[in-house]
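Numbering (our numbering), first residue to last: 685 to 846.
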């Protein structure tokens with residue numbers, strides 16, 4: 685049986701799908717991640733391209749950029765969120781609304797449905813509202829030209845504590 689080799693994709697393939705008004709910000713994110721030594725892997729998924737950025741030593745994810753029907757999305761893995769809680773407490777209202785819509789963490793709710801390997805989600809405060817959200821959906825944002833600078837700052841803060 686012959687095996688098909690997986691096609692290799694580059695960041696430029698991903699960038700070609702990004703809306704023109706977002707390309708500069710996405711390129712900036714990519715450049716700062718690679719300059720900081722983070723590895724990236726570009727894949728083609730059913731909904732479009734997907735880029736995962738991982739720490740060079742720990743191999744743990746810090747950021748995913750990907751497409752859904754409604755455009756470019758960013759998922760930040762904020763392992764060190766307690767170190768910059770003031771930033772999270774002051775996220776723009778539209779980003780807080782996306783956090784509020786995220787799936788609740790089953791570990792915090794002590795439900796057995798979550799995987800045994802799950803390291804639990806985030807227990808955060810934003811403007812006096814407490815959220816206990818799943819680590820895979822809490823900081824999952826639909827991007828736009830208004831929130832991309834905030835997402836970039838969020839990533840920089842997380843990088844500073846890794």
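Where is the CB? At the ideal position from N, CA and C, for every residue including glycine. In this text, all values refer to a predicted model and were calculated from it rather than measured experimentally.
Beta-carbon within less than 7 Å of residue i's beta-carbon, same chain only, minus the 5 sequence neighbours each way: which residues are those?
i, result
"residue 740", "721, 722, 723"
"residue 767", "845"
"residue 699", "707, 710, 711"
"residue 697", "726, 733"
"residue 829", "705, 706"
Cβ atoms of residue j and residue i: under 7 Å apart, would you say?
i, j, result
"residue 798", "residue 817", "no"
"residue 701", "residue 732", "yes"
"residue 810", "residue 780", "yes"
"residue 815", "residue 783", "yes"
Less than 8 Å between the CB atoms is what I'm expecting for residue i and residue j, so what's the real figure, rounded?
i, j, result
"residue 746", "residue 846", "7 Å"
"residue 825", "residue 831", "6 Å"
"residue 827", "residue 756", "5 Å"
"residue 765", "residue 808", "6 Å"
"residue 806", "residue 769", "The pair is not a contact, with the Cβ atoms about 11 Å apart (cut-off 8 Å)."
Looking at the secondary structure, which residues open and close the beta strand (DSSP E) in which residue i lies?
i, result
"residue 758", "755-760"
"residue 736", "732-738"
"residue 816", "813-817"
"residue 727", "723-729"
"residue 752", "745-752"
Apart from the five residues on each side of it in sequence, which residues of its chain come closer than 6 Å, Cβ to Cβ, to residue i?
i, result
"residue 838", "760"
"residue 749", "735, 758"
"residue 787", "818, 821"
DSSP three-state label for residue i, please.
i, result
"residue 712", "helix"
"residue 800", "coil"
"residue 823", "coil"
"residue 847", "Because the chain here runs from 685 to 846, residue 847 falls outside it and cannot be looked at."
"residue 770", "helix"
Where does the unbroken alpha helix (DSSP H) through residue i begin, and where does it stop?
i, result
"residue 697", "695-699"
"residue 778", "777-785"
"residue 792", "Run containing residue 792: none; DSSP gives neither H nor E here."
Which same chain residues end up closer than 8 Å to residue i when comparing Cβ atoms and leaving out the 5 residues on each side of it in sequence?
i, result
"residue 804", "789, 791, 792, 819"
"residue 840", "716"
"residue 693", "726, 727, 728, 733"
"residue 695", "714, 724, 726, 735"
"residue 718", "724"
"residue 691", "728"
"residue 771", "837, 838, 841"
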